[in-house]
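J.:
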Amino acid sequence: MSNINIADTNILHCILIQKTNADDVAKWKKHIAEYKLNWINVSERLKFDRSRIAKQFDVSSIPLYMVVDKKGMITYNADEANDHDYVQLEAFIKKVL
35 MSNINIADTN ILHCILIQKT NADDVAKWKK HIAEYKLNWI NVSERLKFDR
85 SRIAKQFDVS SIPLYMVVDK KGMITYNADE ANDHDYVQLE AFIKKVL
């Protein structure tokens, strides 16, 4: 994903919730750096059915992408399992810039 600075937009947070176990932590961090995911990335390293985050956000599938505007409203909420290169998410962010 190109380096989009959300600080100058109406976007407060971009959140990615995904499954990561203890063996995947290094791979997960490398993925975040490679795609320049400079927003909140969340993983509890728990099984999905035990995740407090999944329950709190009513997550039914992963990965889940959320965009929260500065009013605290969720403006994008998608379980884009096929968007591994973040094309759809990036298109949404560019649209609201």
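Per this note's numbering, the very first residue in the sequence shown carries number 35; after that it's consecutive.
Glycine residues also receive a C-beta, built at the ideal position from the N, C-alpha and C atoms.
Using beta-carbon positions only, say whether Thr-109 and Asp-117 come within less than 8 Å of one another.
T.: no
J.: Do Ser-95 and Asp-113 have their C-beta atoms within less than 8 Å of each other?
T.: yes
J.: Find out if the Cβ-Cβ distance for the pair Leu-123, Tyr-99 is shorter than 8 Å.
T.: Using a Cβ distance threshold of 8 Å, Leu-123 and Tyr-99 count as a contacting pair.
J.: Decide if Ile-127 is buried, meaning its Cβ has at least 16 other Cβ atoms within 10 Å, or exposed.
T.: buried
J.: Based on the DSSP secondary-structure assignment, which residues constitute the bridge partners of Ala-112?
T.: Tyr-99
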